[in-house]
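This report refers to the structure that appears directly beneath it.
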Amino acid sequence: MTEFNRRDFLTASGLAAGAAAIAGCNPSGSASPEGGTVAGGHADVVVTNGNVYTVDDDLPRAEAFAIKSSRFLAVGSSSDIGNLVGPNTEVIDAAGMTVVPGFVDAHNHPFYSGTRHLKQVNVDIRTIEGIKSALSERAQNTPPGQWVQGFLYDDTKLEDGRPLTRADLDEAVPNHPVSVTHRGGHTGVYNAKAFEAAGITVDTPDPEGGKFYRENGELTGRVAERAKAPLEALIPSSTTREERAESIRLIGDLMAKAGLTSVHETGGGTDNLVAYQDALEADELYFRIYLFPSGGASGIAGPGLFNGLKAAGVRTGFGDEWVRIGGVKYGADGSASERTMAMSTAYVGRPNDFGILTMSQEDIYEAVDDAVRHGFQIGIHANGDLAIEMCLNAFERAQAEMPQADPRFRLEHCSLVNDSLLQRIQDVRAIPTPFYTYVHYHGNKWGEYGAEKMESMFTHRSFIDRGIPVAAASDYPPGPFETLMGIQSMVTRTDMQGREWGPSQKITVEEALKVCTINGAHASFEEDIKGSITAGKLGDFVILSDDPHTTDPFAIKEIEIARTVVGGRTMYEA
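Counting in this note's numbering, the sequence shown runs from 71 upward without gaps.
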């Protein structure tokens with residue numbers, strides 16, 4: 071029996087579908103001018119009069135394309151593609167607007183964020199008094215003793231010039247335990263009721279891989295990394311299956327408006343998988359999902375799903391074009407946005423602070439070896455250069471002892487690198503997924519790293535120059551998922567206040583478009599079925615009101631998404 075690896079399987083299935091769809095088209099992928107009909111009838115959808123960037127080197131520009139049975143049927147001129155229009159064909163006149171492949175976010179948390187949008191208090195508010203008011207209002211409608219939870223808190227965006235504290239929360243909500251999660255997800259702020267419920271005092275020692283922040287002999291309320299565990303363990307899961315399905319619809323609407331057609335959910339459990347299947351069956355899944363089960367006990371959902379998949383013999387790649395099992399996800403260090411990532415050099419103004427490691431070298435060796443033995447791709451959250459080096463040690467050892475033809479080890483975030491690490495990433499063919507909206511959106515944080523270090527952070531230029539297929543990643547909620555903001559950020563390296571960070575890492579719009587499309591598909595072994603407007607691939611595309619190649623680079627994020635289409639089906643229309 072012939073054996074196929076997961077890439078062979080995806081390639082074969084994509085080509086077979088493409089071959090069936092393209093019958094009646096000439097070899098170039100343009101519509102056959104003679105009659106224009108194909109086996110099985112006319113096209114289901116035709117887009118004409120577009121300024122089409124295909125991200126396909128064999129045919130980089132086009133005017134039009136056709137879709138049949140959810141896949142691109144032909145790509146070419148408007149006159150040629152017009153031959154494929156039948157009486158039941160949906161014809162979309164792009165009217166000169168720009169058309170690009172559907173955007174792929176290779177590191178995101180849609181289930182996590184969707185449930186929080188549905189159930190928690192959004193504290194993406196610019197004043198402490200505003201946050202206190204929002205939490206107090208929720209407390210008034212919350213039974214005594216139950217938790218009040220806030221999310222999307224960001225200390226560097228407060229107009230007060232100081233962070234939220236335990237005292238603020240005690241004043242706003244004195245009779246309920248409160249948890250306010252930083253949008254980065256690695257730290258939180260808690261009130262006295264929460265600490266009391268968890269039995270935590272100012273004398274409680276910091277756990278390995280975590281920290282309780284103190285000032286003037288008192289807890290400030292801020293808690294980082296593994297120190298959050300005893301507090302978060304007290305918060306009951308309060309979502310029903312129906313609410314979880316609703317959260318997928320809610321976040322799907324938001325992502326469709328941003329042009330996202332495929333998303334990698336990096337960390338999840340059984341509830342995630344069930345919610346996506348429920349949404350798919352209800353015809354309410356608006357983006358394709360590549361789901362990473364959580365691998366560690368401290369992961370976003372615990373290792374239950376991963377252990378069950380291993381026991382069942384399920385491996386990375388199992389599923390279909392809508393819901394597919396991805397790699398296993400672990401976390402090795404802290405956060406770039408919360409300034410806790412593990413580095414070999416200290417933070418500016420904090421000479422003894424080198425960040426936090428959440429896995430040991432032995433932990434990482436064991437995680438990588440286990441993933442390889444069970445046929446899983448692995449993605450490890452590694453922001454700082456120390457954590458990245460530890461991951462590369464494990465990737466290299468695994469390849470030496472259990473060599474794979476194409477493992478595509480993933481370095482999730484891969485924020486701070488140097489020449490040595492870049493060479494090792496290239497040699498082991500690992501895939502970095504650095505934040506693509508961070509430079510622009512989180513400018514107030516970069517002073518704690520310094521201008522020199524920022525030349526070595528989120529290094530899209532360095533990755534591209536070495537031929538490393540860097541993929542786009544928002545990590546939402548930590549970073550915004552609007553891809554056009556990401557393109558602007560990568561192209562200008564300029565924050566919302568106009569400050570430039572790491573200008574040596576600027577890339578072109580053309581390069582950024584590849585990062586946000588075909589490179590994201592490559593990160594999930596799916597570059598042969600998505601990521602470009604190519605005959606035979608899945609019919610995912612986005613229509614933009616303006617061309618980012620010719621728009622003022624500092625206004626790219628203002629371009630409107632006119633339409634988002636997945637498999638020929640419009641998921642959003644302005």
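Glycine is no exception: its CB is placed at the ideal position from the N, C-alpha and C atoms.
task = Count the CB pairs spanning the region 169–184 and the region 602–619 that are closer than 8 Å, and state whether there are at least three.
result = Short answer: they touch.
query = When the Cα of D439 is compared with those of L301, M472 and E459, which residue comes out closest?
reply = Measuring from the Cα of D439, the nearest candidate turns out to be M472.
query = Which class does S332 belong to by DSSP, given the choice of helix, strand or coil?
reply = Per DSSP, reduced to three states, the secondary structure at S332 is strand.
request  = Ignore the nearest five residues each way along the sequence and tell me which others in N730's own chain have a CB closer than 8 Å to its CB.
outcome  = The shown model of the chain, from 71 to 644, leaves out residue 730, and the question about it has no answer.
task = Over the uninterrupted alpha helix (DSSP H) stretch that includes R633, give me the two end residues.
result = According to the DSSP assignment, R633 belongs to no alpha helix (DSSP H) but to the beta strand (DSSP E) extending over I631 to V636.
query = For the candidate residues D390, E570, K189 and I198, whose alpha-carbon lies nearest to that of E313?
reply = Cα-wise, what sits closest to E313 is K189.
request  = State the start and end residues of the unbroken alpha helix (DSSP H) segment that holds N463.
outcome  = Its alpha helix (DSSP H) spans residues D455 to E471.
request  = Closer than 7 Å by C-beta to K380: which residues in its own chain qualify, once you throw out the five before and the five after it? Chain order, please.
outcome  = Answer for K380: H444, listed in chain order.
key: Assigned secondary structure, A267 (DSSP; H/G/I helix, E/B strand, else coil)   = In the three-state reduction of the DSSP assignment, A267 falls in the helix class.
request  = Label N245 either buried or exposed according to how many other C-beta atoms from any shown protein chain fall within 10 Å of its C-beta, with 16 as the threshold for buried.
outcome  = Counting every other CB atom within 10 Å of its CB across the protein chains shown gives N245 a total below 16, marking it as exposed.
query = Comparing alpha-carbon positions, which option in F479, T290 and G454 lies nearest E60?
reply = Coverage of the chain is limited to positions 71 through 644, which leaves residue 60 absent and any answer about it impossible.
request  = Mind listing, in chain order, the continuous alpha helix (DSSP H) runs of no fewer than 4 residues lying wholly within the region 530–577?
outcome  = With a minimum length of 4 residues, the continuous alpha helix (DSSP H) runs that stay inside the region 530–577 are 530–535 and 553–562.
task = Find the nearest neighbour of W571 within the set T507, G549, D194 and I458, judged by alpha-carbon distance.
result = The shortest Cα separation from W571 among T507, G549, D194 and I458 belongs to T507.
task = Decide yes or no for the touch test of the region 271–285 against the region 238–255: beta carbon pairs closer than 8 Å, at least 3 of them.
result = Per the Cβ contact rule, the region 271–285 is not in contact with the region 238–255 (fewer than 3 Cβ pairs under 8 Å).
query = What's the call for S317, buried or exposed, on a 16-neighbour Cβ count within 10 Å?
reply = Result: buried.
message = So if DSSP puts E241 in a beta bridge, which residue, or which two residues, is it bridged to?
response = Per the DSSP secondary-structure output, E241 pairs with nothing in a beta bridge.
task = Check the DSSP bridge columns for I195 and list the partner residues they point to.
result = Answer is none; I195 lacks a bridge partner.
request  = Kindly indicate which three-state DSSP category S317 falls into: helix, strand or coil?
outcome  = In this structure, S317 counts as helix in the three-state DSSP scheme.
inquiry  = Using only CA atoms, which one of A352, F362 and R385 lies nearest to L343?
reply    = Considering only alpha carbons, the answer is F362.
message = Give me the residue from N158, S147 and I434 with the minimum Cα distance to G166.
response = In this structure, S147 is the residue among N158, S147 and I434 with its C-alpha nearest to the C-alpha of G166.
task = Have a look at the DSSP bridge pairing and note the partners of M122.
result = It should be noted that the sequence gives Val, not Met, for residue 122. A132 and V169, per the DSSP bridge assignment.
task = Could you check the C-alpha separation between K523 and M641 for me, to the nearest Å?
result = Looking at the two C-alpha atoms, the distance is approximately 41 Å.
Distance CB(Y519)-CB(V384) smaller than 9 Å = In this structure, V384 does not lie closer than 9 Å to Y519 by Cβ.
query = By the 10 Å Cβ neighbour count, where 16 or more other Cβ atoms means buried, how is P477 classified, buried or exposed?
reply = Around the beta-carbon of P477, 16 or more other beta-carbon atoms lie within 10 Å, marking it buried.
key: Contacting residues, own chain, Cβ-Cβ under 7 Å from G449 (five flanking each side not counted)   = Around G449: T336, F362, G397, K399, R480 and E482.
Delimiting residues of the beta strand (DSSP E) encompassing T226 = Neither: T226 is in no beta strand (DSSP E) and is coded neither H nor E.
request  = Could you name the residues that DSSP lists as bridge partners for K189?
outcome  = Partner(s): none; K189 has no beta bridge.
query = Are the region 222–229 and the region 189–199 touching, with three or more C-beta to C-beta distances below 8 Å?
reply = Taking 8 Å as the limit for Cβ pairs, the verdict is that the region 189–199 does touch the region 222–229.
request  = Specify, as a first and last residue, the run of the beta strand (DSSP E) that G449 falls within.
outcome  = Per DSSP, G449 belongs to the beta strand (DSSP E) from I448 to A452.
key: Nearest to F265 (by Cα), restricted to the options K281, F505, T578 and L289   = The residue with the shortest Cα to Cα distance from F265 is L289.
key: Which residues DSSP lists as bridging T248, in chain order   = Reading off the sequence, residue 248 comes out as Val, not Thr. DSSP lists V218 as partners of V248.
task = Use the C-beta contact count for P539: other C-beta atoms within 10 angstroms, 16 or more gives buried, fewer gives exposed.
result = Residue environment: P539 is assigned as buried (16 or more neighbouring CB atoms within 10 Å of its CB, all protein chains considered).
From I501, T185, V442 and N514, residue whose alpha carbon lies closest to that of T310 = Here the closest residue by C-alpha is T185.
request  = Under 6 Å Cβ to Cβ from L491, same chain only, skipping five residues before and after it: list those, please.
outcome  = Excluding positions up to five away in sequence, the list reads I458.
query = How would you write the range of the beta strand (DSSP E) that K399 sits in, first residue to last?
reply = Run containing K399: V398 to G401, per the beta strand (DSSP E) assignment.
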